[in-house]
Amino acid sequence: MTFLAGLTLSSAPPRLFQNPSRTTRKNHSGHVNSAISTGPLSKRRCDLYDLHKELVPYAEAWSWQKAIVKERRALSEINGDFADTLIILQHHPVYTMGTGSSVEFLNFDVNSAPFDLYRTERGGEVTYHGPGQLVMYPVINLRHHKMDLHWYLRALEEVVIRALASTFAIEASRVEGLTGVWVGNQKLAAIGVKVSQWITYHGLALNVTTDLAPFQQIVPCGIRDRQVGSINGIIKGNLPSKGCRENDNHHVDNHDLVDATHISLLREFCEVFQVDLHHKTIQIGVPHENTPSPTVLKS
């Protein structure tokens, strides 16, 4: 059943630059651990805005999240908060920085950035979003799950770890002291969140078929001694060792890979957070009068 919600697209996070043209001990996990499995006794409703085939401008997705967070806060105050929200999409090429991230991790001048550059209120350092990368923005009231930010971060990691294992037989792991999901020395998923009054927004980004070249223009997540990887790269790298000819690698269809990853992420999200998804739609291009318009930062 599809519902219609007129959420905002008009506002943007503080923008540094708009492109004028457009320790290490690994903690392997194949299943949810006891710290993560804590959840409600019955499944909570989660409204799903599924745009995984769409390229959505970063500012628009930020605007949607802010509008939903404001609505959830108001409902929570009157005990009317009966659902969480999940947005899943892809972005046009963009760099984003966390609230306290440093420009020293940019390998370019902010006045001549290759793509739009935004500073947001999420945690973490600079990262890149672009086509072929699935981004999940959960707006979750942790009062109905577990009021623990570390639990929430580990739960997001668990969603990705399970999806990689169940769909692609990829053994991913956590790295102690670092947030995200890793395969060997390659970081496949970055996580940066904001929690306000126990309501979350921002989220995780998983490289599926992403062009990794734009990551060379930054120090991803401020980590200099590790690489960024993708599901596509891992699969293609493993194919020859499984008896396939080298020429077979290009037969991995990018669209199918994104679709399969999308399905797996949603399934594992439901299991980890114990929610039932209810599809909704967003009116693209409709401004929301209650969404703030932050100022553009000058570099």
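Numbering (UniProt numbering), first residue to last: 1 to 299. Backbone N, C-alpha and C fix where the C-beta goes; we use that ideal spot for every residue, glycine too. In this text, all values refer to a predicted model and were calculated from it rather than measured experimentally.
- Look at I68 here: in three-state DSSP terms it is helix.
- For H202, the enclosing beta strand (DSSP E) starts and ends at 199–207.
- Considering only M147, D47, H262, V195, the residue with the shortest C-alpha distance to Q90 is H262.
- Annotated three-state conformation of K43 is coil, per DSSP.
- DSSP places G130 in the coil class of the three-state scheme, outside both helix and strand.
- Out of T167, V110, R122, F215, the CA that lies nearest to the CA of K187 is found in F215.
- Cβ-Cβ separation between I191 and T179: approximately 5 Å, consistent with a contact (criterion under 8 Å).
- Counting every other CB atom within 10 Å of its CB across the protein chains shown gives D84 a total of 16 or more, marking it as buried.
- Collapsing the DSSP output to three states places E54 in a strand.
- Per DSSP, S173 is one residue of the beta strand (DSSP E) stretching across 173–175.
- For T167, no beta strand (DSSP E) segment is defined; the enclosing uninterrupted segment is the alpha helix (DSSP H) at 149–168.
- Take the alpha-carbon of D253 and the one of F168: they are about 14 Å apart.
- M97 is classed as buried because its beta carbon has at least 16 other beta carbons within 10 Å across all chains shown.
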